[in-house]
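This report refers to the structure that appears directly beneath it.
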Amino acid sequence: MSGPAGFLSAFAHALAAMTLYAAGHPARERAIDDAFQQLHDLQSAAPELKAWDWSRRLAQAGIQRLEFADRVSRDEFEGFLDEVLARLTLSAIDTTEAHQLRHSSIRFGSVGVKGDAGSAEAPVATATIGYSLGEEAETVRWFQDAVKSQGIVPLTEAEAVVRSLSIAMHSDRQLVIPLLQLKEFDQYTTTHSMNVAVLTMALAEHLGLGAREVRNFGIAGLLHDIGKVRIPLDVLTKPGRFTDEERALMNQHPIEGARIILKSEEQLELPAVVAYEHHIMLNGGGYPTLRFRRDCHRASKLVHVCDVYDALRTNRPYREAWPQERTLTYLRDRGGVEFDPELAGAFVRMMQQWEPQVAVMTDERAPLGTAGT
Ligand SMILES: [Fe+2]
Ligand SMILES: [Fe+2]
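Numbering that gives the first Met the number 0 numbers the first residue of the sequence shown as 0 and each following residue consecutively.
This is the structure:
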């Protein structure tokens with residue numbers, strides 16, 4: 000098959016392969032290559048399109064029109080497929096809860112934009128963009144519920160959220176760090192997980208890691224606290240000090256998280272390691288207690304810094320959010336003890352460079368009771 004029909008069926012096949020196989024899998028690469036080749040062939044012939052099964056599904060995902068420039072690189076094409084797939088996956092999730100939440104909007108702020116890298120004197124360029132992370136937040140709530148009831152992480156949806164967050168970060172010409180601000184504490188695990196995913200990807204990118212690795216670190220960031228689905232909401236949102244029992248329960252979440260992730264997918268080895276290690280300090284302190292001192296994975300150390308940053312910057316039932324400066328000073332001071340000093344330093348520099356401006360998140364849903372975790 001060739002011509003438009005050939006391209007469209009290869010295109011659909013590539014999307015299907017991408018939902019089934021992780022990046023780098025030969026079947027996935029072959030399907031993308033094939034669609035890419037078909038696109039190439041198509042562009043040298045006059046296109047003519049008839050009704051096509053995927054057009055309805057794409058329209059539902061908000062894609063009305065496909066337009067390709069003359070020269071599309073293989074990388075650009077894969078990035079485009081990623082975006083289409085993220086939209087398709089997010090729009091396909093329509094649980095009753097998600098449907099009810101459809102009208103709520105979570106607007107994000109904290110748009111840090113890279114200034115002119117060349118001159119330190121130049122004023123930091125800032126920009127505010129309108130982008131709602133409502134669908135992503137719904138999806139995270141949905142999969143947290145799925146983990147709670149089935150004990151398994153739906154990988155496709157987790158990947159779709161990370162892709163979508165990565166798209167939001169790159170929706171402008173410069174890198175943007177979209178952070179959600181918490182309104183109701185019962186939503187903490189959702190907003191916190193998304194923020195840690197975004198910060199982890201930003202730091203990984205800042206450190207020069209490749210796109211695929213950045214994405215994998217993002218998934219690890221998103222899932223780092225998934226073990227908290229085992230902790231009752233009233234303990235998670237408790238305003239006062241924990242009893243010894245409650246503390247012990249809280250401290251189980253890295254082990255629980257790693258267990259859940261390992262049970263879900265073989266491909267999720269890195270997120271499982273990160274879930275297990277993200278509260279272990281550089282000096283061996285923290286939890287779970289290690290029987291033998293060993294070095295943690297770089298992704299865990301990276302998530303650890305982003306995790307503490309987001310936690311300190313959030314209002315808790317028992318304390319106010321820390322201001323930016325105080326938080327960054329803390330991260331720097333604890334380098335060498337709690338954090339890898341190089342990573343903590345890089346994080347602080349990144350945040351200073353991308354002057355964050357936090358806008359207020361509006362979440363119009365009813366408080367407590369309707370929430371996931
Ligand atoms: Fe945690
Ligand atoms: Fe966390």
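Just so you know, even glycine gets a beta-carbon here, dropped at the ideal spot from N, CA and C. From a predicted model like this one, the values you see are computed outputs, not experimental measurements.
Own chain residues within Cβ distance below 6 Å of residue i, not counting five before or after
i	result
residue 49	Because residue 49 carries a pLDDT of 46, less than 50, the predicted location of this residue cannot be relied on, and no value is offered for it.
residue 166	82
residue 220	195, 196, 199, 302
residue 292	283
residue 22	211
residue 34	9, 10, 13
residue 234	245
residue 6	37, 38, 41
residue 250	286
residue 295	276, 279
residue 4	none
Candidates the options, of which the one nearest residue i by Cα
i	options	result
residue 280	330, 317, 243	330
residue 375	246, 214, 198, 258	Within the shown structure, residues of the chain are numbered from 0 to 372, placing residue 375 beyond reach of any answer.
residue 189	224, 14, 29, 215	224
residue 255	150, 85, 22	150
residue 231	334, 252, 309	252
residue 265	20, 307, 4	20
residue 132	285, 72, 179	179
residue 218	158, 237, 208, 206	158
residue 237	74, 77, 78, 315	315
Beta-carbon separation (whole angstroms), residue i vs residue j, contact threshold 8 Å
i	j	result
residue 301	residue 203	7 Å
residue 313	residue 191	7 Å
residue 193	residue 164	7 Å
residue 139	residue 160	6 Å
residue 239	residue 187	Actually they do not touch by this definition, with Cβ atoms about 16 Å apart.
residue 15	residue 37	About 15 Å separates the two Cβ atoms, so there is no contact after all.
residue 373	residue 336	One cannot answer for residue 373 here, as it falls past the ends of the chain, which runs 0 to 372.
residue 327	residue 350	6 Å
residue 286	residue 277	Rounded, the Cβ-Cβ distance is 10 Å, inconsistent with contact.
residue 298	residue 216	5 Å
beta-carbon residue i near ligand 2 non-hydrogen atom, thresh 7 Å
i	result
residue 310	yes
residue 139	no
residue 223	yes
residue 169	no
residue 24	no
residue 304	no
residue 296	no
residue 228	no
residue 39	no
residue 195	yes
residue 191	yes
Contact set for residue i: own chain, Cβ-Cβ below 8 Å, skip 5 residues either direction
i	result
residue 304	202, 330, 338, 339, 342, 343, 346
residue 17	27, 30, 31, 80, 81, 84
Residue i beta carbon near ligand 1 (any heavy atom closer than 7 Å)
i	result
residue 373	Outside the shown range of the chain, which is 0 to 372, sits residue 373, and nothing can be said about it.
residue 252	yes
Cβ neighbours of residue i in the same chain (closer than 7 Å, five flanking residues each side left out)
i	result
residue 260	152, 222, 225, 267, 270, 271, 274
residue 243	none
is_contact[residue i, chain D] using C-beta, thresh 8 Å
i	result
residue 217	Considering every chain present, this structure includes no chain D. It has just one protein chain.
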